[in-house]
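Have a look at the structure below, then the notes.
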Amino acid sequence: MATEAWKRTLWIIVLVQFTMSASINVTEPVLPLFLPEVGVAEPDAVKFWSGVLSSMNFLMAALVSPFWGIVADRYGRKLMVIRTGIAVGLFTALMGLSHELWQLITLRALMGTFSGFYGAAIALVATQVPDRRLGYALGWLATRQMTGTLAGPLLGGVIADLSDSYRVGFFVTALLAAAAVTLMWVFVREDFVPAPRETAGSRGSAIRALLRTPGLAGVVVVLILAQFGVRSIQPLVSLYVQELVGPVPLLATLSGIAFSVTGLADLLVSPLLGKRSDTLGYRRVLLISLLGGAIACLPQAFVSEYWQFVLLRFALGMFVGGMLPVANALLGRLVASSQRGLAYGLGASATQLGSFLGPITGGSVAALAGIRWVFVTTAVLFALSFVWAFFAVPKSLPAAASPEDGKRG
0 MATEAWKRTL
10 WIIVLVQFTM
20 SASINVTEPV
30 LPLFLPEVGV
40 AEPDAVKFWS
50 GVLSSMNFLM
60 AALVSPFWGI
70 VADRYGRKLM
80 VIRTGIAVGL
90 FTALMGLSHE
100 LWQLITLRAL
110 MGTFSGFYGA
120 AIALVATQVP
130 DRRLGYALGW
140 LATRQMTGTL
150 AGPLLGGVIA
160 DLSDSYRVGF
170 FVTALLAAAA
180 VTLMWVFVRE
190 DFVPAPRETA
200 GSRGSAIRAL
210 LRTPGLAGVV
220 VVLILAQFGV
230 RSIQPLVSLY
240 VQELVGPVPL
250 LATLSGIAFS
260 VTGLADLLVS
270 PLLGKRSDTL
280 GYRRVLLISL
290 LGGAIACLPQ
300 AFVSEYWQFV
310 LLRFALGMFV
320 GGMLPVANAL
330 LGRLVASSQR
340 GLAYGLGASA
350 TQLGSFLGPI
360 TGGSVAALAG
370 IRWVFVTTAV
380 LFALSFVWAF
390 FAVPKSLPAA
400 ASPEDGKRG
């Protein structure tokens, strides 16, 4: 693909990534606060069901991501990105109309079955940019995801406080998702060559063969553990802010800020880490990020003021910016270009599995022992991820995929 063509495709996908990330995160700070409107009022029950709701769509996504990866290799990655945008918009709008807990759970599960935007976008970008610029491209993609993570919760909190309704944010999400689908449909041109049609047996053989790629299984486990840690506290941030500040009038906005500062830090750091990882080495950047995440997370369990919590959330975001993008770049460098749809399907499943286990575990720990213990658990998970990555992630990449290729090109 010509230089101008792949860059144009990258920037449009980056814009779509921002729009989708913002839309998905609009409802994050208000979802726990919305639960009393669907019949969940007891505090420990709110903590538990917040975790379940946050986990449900990720469970379904983890189960179906390999299937969508195979479909992407056969029919194109652009189609998969459009599919996820439609699913997010439709099912989130229906959530805004729900009045029962079971309705929320069902819709979250359906959204997870047909969504998985980030994995689809990664696969699309990874097959449209030169190998030597893969870390750079995925760094920008992760940056705009985090920009959306920054803008979405803040927008959702402000909308909830201004409209005096937690339901409005669900409809804003649907509108943003529709805008993202339109951008992708109209402006992105995919340079796509279908993979040969395979039988179910050959697909299973392809997955098993892929997992035998040296270092790939280790990176997949890192994705599970790191995302487990990242997501375990997410559904409880608003409840923790409520615990710190009390029933203040702008609770939703303050919760949105606490969500957003992590995205702000990630926005500032992720492009730098993506660029440096191409030259300094993915493994080194990944290890620093995982260890730093553990160090930044643990003190959050002991804060007594809102501003302390916000500062530590910012510090955590700086290290999150080097976890998932670098691990995903490693996935791309370890396999051939023709296998990247399947590889990123497996990576997406790993990420979704971590996203399922994290919130439901965090919600359960919070209900049993209190929210503060969730931060301790998360810090331990990041530390375990560091140890695993130290031993399981290869110190050098295959010669054909070495970062030095970028410097020679």
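In numbering that gives the first Met the number 0, the protein residues as written are 0 to 408.
Ideal Cβ placement from N, Cα and C applies to all residues, glycine included.
Using the Cβ count rule (16 or more neighbours within 10 Å means buried), how would you classify residue i?
i	result
residue 331	buried
residue 107	buried
residue 245	exposed
residue 96	exposed
residue 247	exposed
residue 279	exposed
residue 90	buried
residue 257	buried
residue 76	buried
residue 394	exposed
residue 239	buried
residue 337	exposed
residue 86	buried
residue 335	exposed
residue 303	exposed
residue 27	buried
residue 9	buried
residue 163	exposed
residue 403	For residue 403, the predicted model reports a pLDDT of 40, less than 50, meaning its position is unreliable and no value from the coordinates is stated.
residue 31	buried
Taking just the CA atoms, how far does residue j sit from residue i?
i	j	result
residue 113	residue 305	37 Å
residue 115	residue 60	6 Å
residue 308	residue 333	38 Å
residue 283	residue 218	13 Å
residue 348	residue 160	35 Å
residue 199	residue 69	Low confidence applies here, because residue 199 scores a pLDDT of 49, under 50, leaving its location unreliable and the question unanswered by this model.
residue 341	residue 136	19 Å
residue 25	residue 183	20 Å
residue 166	residue 251	13 Å
residue 230	residue 367	18 Å
residue 98	residue 111	20 Å
residue 388	residue 223	12 Å
residue 13	residue 383	32 Å
residue 48	residue 233	13 Å
residue 267	residue 321	11 Å
residue 262	residue 39	29 Å
residue 298	residue 377	11 Å
residue 313	residue 43	27 Å
residue 324	residue 269	8 Å
residue 407	residue 132	At residue 407 the pLDDT is 37, less than 50, meaning the model places this residue with poor confidence; the figure from the coordinates comes in the next sentence. Their backbone Cα atoms lie some 12 Å apart in a straight line.
residue 272	residue 287	11 Å
residue 205	residue 189	24 Å
residue 391	residue 54	27 Å
residue 207	residue 103	36 Å
residue 4	residue 357	39 Å
residue 363	residue 260	25 Å
residue 79	residue 100	29 Å
residue 83	residue 63	12 Å
residue 292	residue 311	10 Å
residue 73	residue 241	48 Å
residue 172	residue 134	29 Å
Between the beta-carbon of residue i and the beta-carbon of residue j, is there less than 9 Å?
i	j	result
residue 220	residue 264	no
residue 225	residue 361	no
residue 228	residue 52	no
residue 57	residue 355	yes
residue 127	residue 17	no
residue 289	residue 374	no
residue 140	residue 121	yes
residue 419	residue 151	As displayed, the chain neither begins before 0 nor continues past 408, which places residue 419 out of reach and without an answer.
residue 281	residue 118	no
residue 276	residue 254	no
residue 19	residue 147	yes
residue 46	residue 235	yes
residue 185	residue 88	no
residue 328	residue 168	no
residue 92	residue 33	no
residue 345	residue 209	yes
residue 187	residue 370	no
**OP:** With a floor of 4 residues, list each alpha helix (DSSP H) that falls wholly inside the stretch 214 to 269, ordered by position along the chain.
**Re:** 215 to 231 and 236 to 244
**OP:** Within the stretch 106 to 139, note down every full beta strand (DSSP E) run reaching 3 residues or more, in order along the chain.
**Re:** none
Original post:
Mind pulling the alpha helix (DSSP H) runs of 4 or more residues that sit fully within the stretch 136 to 187?
Top reply: 167 to 186
**OP:** Could you pull out every unbroken alpha helix (DSSP H) segment of at least 4 residues lying fully inside the stretch 21 to 82, listed in chain order?
**Re:** 30 to 33 and 42 to 74
**OP:** List in chain order: all unbroken alpha helix (DSSP H) runs of 4+ residues lying wholly within the stretch 260 to 335.
**Re:** 281 to 296, 305 to 319 and 323 to 333
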